[in-house]
Every structure is written in C-alpha cells, then in structure tokens.
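Remember, the working numbering sits 69 above the position in the sequence shown when you count from 1.
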Amino acid sequence: MIFLSLLILVGAGPAAAASDAGSVSGQVIVTKALTKKRVTMPAYNLRGVSLAQPETSAAAGAVSGVDEFSRVVVYLEGPGLAAGKPMTATLTQKDRRFAPEVVVVPVGSTVSFPNNDPIFHNVFSLSKVKPFDLGYYPDGQTRLVRFDKPGLVQVYCHLHADMGAAILVLDTAQWTRPSDRGSFSLQDVPPGNYELVAWHRTAGFFRRHITVRSHETVTVNLTIPLQTEEATLSAPGSGR
C-alpha cells in the first residue's frame, strides 16, 4: 500500500492585496519509498567500448537515493483559475537519462528534446494527450513538440527501455513544486471550490475537494489513501 500525506494550511493573502484572494501553503510528507530502483545496463559504441560513467555501478545493482519531493507537483483544479503563460521547456537526453525527470508546462507550451549523448535516441509517447514519435536522431540535434491539451504525457525512448520522464501539462497557473523538505505554497488563490491535486510520478494523482472563502483560513489534513472528512473552513479567531 502506498502512503502519501499532505498537510495544507490555507490563509489570507498578503495585507497589501486588493482582492479577497487567499493562499495555500503546506507540507508534503512521504512516509514510504515510492520509487522503484533504477538499474541501467552500460551502453556501448560500435567498437564495444562502454559509454557508462565509471562512478556508477548500476549494472551491479547499486542505486543512489531518490528525492521523492522532486517527483511531486501540487496544483489546483477548478473554475475561475487563471491559465499559465505558454513557455518553452527543455527535456534533455544525457547519459541515457532524461533530465529533468519531471517537466511541468502550461497548455500551449513547447518542449525541446535535445540529444546530448554520443548515441542515437528515439523519443516517443503513447499518451492520449499528445502521442508523438520523434524518430532517430544523433548527438547535437533536437526536436520540438507543442502541447495543446492538459494532462499527463509519459515519455520514453524506443532504443533504451530504461529511459523515462513525465510532462505534466496544466491549464492553471496555480501549481508549484515542493522544496527539498516538502514545503510548498500557492499564492493569490481566488475564493471558490477547487480540487487540490498532489501528483507523484510513481504513485499517481491524489485529489481532495477544498473550498476557499474570502478572508478565511482552511486547514486540510490530506492522507493517502484519502479519508472521508471534508476540508475544514474557519475564519481567523473563530476557534474552529
């Protein structure tokens, strides 16, 4: 069973703000290792010389620690949220890995897939959100893909089965990545009903309904698997 806990505090926005918007801040707590060990066999060039880095002994089963927080995105879903501005992001192929492992972009954004390895790669996705196959291309070349629909796009390489990354395409600007200690913050949240979403690349999506009201504080204890209680809304000083 997978456990992912989220402690969220929702408070009033900055005093200088003219609107009734609030803010969401909290702590992501991962109570169990969620990421499987990655074992990478060495790559070879045409002369049979290993291209693997000597300091990595993944072929022997040695695996370094994984920062689970780097695999988490926290965001809001619901009406009235502003969309993010389209951008250009980069998902690099280097040392037979995708870097970074997780890319978050607004709808309408473009992602570049440069190959920085001395071997060919073939980047593809079977996602319903954006299926594509970039074909084989060598070191020094790149390919561009535009993402016009929200959703999750899993990315792989036809030539190297152990390569994988994820592109999360969002139609809201209300998203963030936790710090290396798991803390996060969402600012200028307008009053309304929302789904608070915590996505982990291995564990998947976890949602909880919350209501943000003007100048109120909401405290939500979100535990995965989800509990049945709803978000607790309280005005400052109410004692609730």
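By construction, the Cβ of each residue, glycine as well, lies at the ideal position given by its N, Cα and C atoms.
For residue i, count neighbouring C-beta atoms within 10 Å of its own C-beta (all shown protein chains included) and say buried if the count is 16 or more, exposed if not.
i: residue 274; result: exposed
i: residue 190; result: buried
i: residue 215; result: exposed
i: residue 283; result: exposed
i: residue 186; result: buried
i: residue 272; result: buried
Expressed to the nearest angstrom, what Euclidean distance is found between the alpha-carbon atoms of residue i and residue j?
i: residue 175; j: residue 250; result: 25 Å
i: residue 255; j: residue 213; result: 30 Å
i: residue 88; j: residue 172; result: 31 Å
i: residue 182; j: residue 204; result: 12 Å
i: residue 112; j: residue 261; result: In this prediction, residue 112 scores a pLDDT of 47, lower than 50, which makes its location untrustworthy; no coordinate-derived value is stated.
i: residue 193; j: residue 285; result: 46 Å
i: residue 241; j: residue 90; result: 16 Å
i: residue 170; j: residue 155; result: 20 Å
i: residue 198; j: residue 239; result: 11 Å
i: residue 337; j: residue 165; result: The requested residue 337 is not part of the displayed model; the chain covers only 70 to 309.
i: residue 202; j: residue 230; result: 15 Å
i: residue 245; j: residue 220; result: 16 Å
i: residue 104; j: residue 188; result: 27 Å
Which same chain residues, not among the five before or five after residue i, have their C-beta less than 6 Å away from its C-beta?
i: residue 168; result: 161
i: residue 276; result: 264, 266
i: residue 209; result: none
Of all the options the options, which has the alpha carbon lying nearest to the alpha carbon of residue i?
i: residue 278; options: 145, 98, 136, 92; result: 145
i: residue 44; options: 185, 157, 222; result: This structure does not reach residue 44, given that the chain is present from 70 up to 309, and the question cannot be answered.
i: residue 149; options: 284, 276, 263, 271; result: 263
i: residue 206; options: 228, 177, 158, 224; result: 228
i: residue 152; options: 232, 285, 218; result: 218
i: residue 180; options: 230, 188, 211; result: 211
i: residue 234; options: 258, 285, 269; result: 269
i: residue 237; options: 226, 258, 266; result: 266
i: residue 200; options: 186, 185, 225; result: 225
i: residue 157; options: 164, 147, 177; result: 177
i: residue 243; options: 188, 104, 147; result: 147
Looking at the C-beta of residue i, does it have a partner C-beta in chain D at a distance below 8 Å?
i: residue 222; result: No chain D is part of this structure, which consists of one protein chain only.
Once the 5 residues before and after residue i are set aside, which same chain residues still bring their CB inside 7 Å of it?
i: residue 247; result: 97, 138, 141, 143, 253
i: residue 232; result: 165, 166, 167, 225, 226
Whose C-beta lies closer than 8 Å to the C-beta of residue i among residues of the same chain, with five residues either side of it excluded?
i: residue 163; result: 185, 186
i: residue 136; result: 249
Any heavy atom of the ligand MN closer than 7 Å to the Cβ of residue i?
i: residue 222; result: For the ligand MN, the structure offers nothing, since it holds no ligand at all.
Whole alpha helix (DSSP H) runs in the region 173-230 with 4 or more residues, listed along the chain? none
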